[in-house]
Every structure is written in structure tokens, then in C-alpha cells.
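Student: This is the structure I want to talk about, given as C-alpha cells.
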Ligand SMILES: [Zn+2]
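Numbering (this note's numbering), first residue to last: 19 to 100.
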């Protein structure tokens with residue numbers, strides 16, 4: 019099992035958040051940063067990245083709850099029929 023330090027040290031997004039990799043920021047707050055993609059699919063393509071390292075969708079849902087409590091998909095009704 020990798021340690022959190024090893025995960026974040028190898029993550030280019032965490033390096034950008036720490037200011038160790040270059041980026042053109044368009045937004046920064048205590049939860050997320052947004053910056054222009056270096057290889058944009060379309061003009062204006064930007065990335066919104068949580069300040070906390072996340073690898074799996076459930077981790078992102080916890081971060082989404084920090085932004086708007088109670089609005090993450092984990093709180094949505096299950097309509098999958100499973
Ligand atoms: Zn990361």
C-alpha cells in the first residue's frame with residue numbers, strides 16, 4: 019500500500035496545487051483550483067482539481083460535499099435499478 023506522501027509526490031495535479039509545476043490559474047480557493055489545460059481539447063479547456071489528492075470517485079464526492087454539502091452523487095437517490 020502506498021503512503022499518501024508517495025501518492026501526492028507522484029501526482030502532477032498535486033504538484034500544480036503545491037506550485038511546483040507551472041499552471042495558468044483561473045480560480046483558487048480552499049477546496050479546489052482551476053487552471054488552463056496544457057493540451058486543450060477545445061479553446062478554453064480548463065481543469066478543476068481538488069487541493070486534496072483523490073484517485074477514486076468516492077473521494078471526489080467527499081470533496082464535493084465540502085463545496086456544497088448534501089449535493090454529491092453519494093447523496094442522490096439510486097435510480098440505477100440495481
Ligand atoms: Zn494528486
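Glycine included, C-beta positions come from ideal geometry on N, C-alpha and C. The structure presented is a predicted model; accordingly, all values stated were derived computationally and were not measured.
#1: What does the alpha-carbon distance come out to for the pair residue 32 and residue 87?
#2: Quick check: residue 49 and residue 68, are their CB atoms within less than 8 Å of each other?
#3: Mind checking residue 19: buried by the 16 CB within 10 Å criterion, or exposed?
#4: Tell me which residues pass a beta-carbon proximity test against ligand 1: closer than 5 Å to any heavy atom, given in chain order.
#5: Select from 66, 71, 35 the residue whose C-alpha is nearest the C-alpha of residue 23.
Tutor: Let me spell this out:
#1: 24 Å
#2: yes
#3: Caution applies to residue 19, whose pLDDT of 42 falls short of 50 and renders its modelled position unreliable; the value that the coordinates give is listed next. Under this definition residue 19 is an exposed residue.
#4: 29, 31, 32, 71
#5: 71
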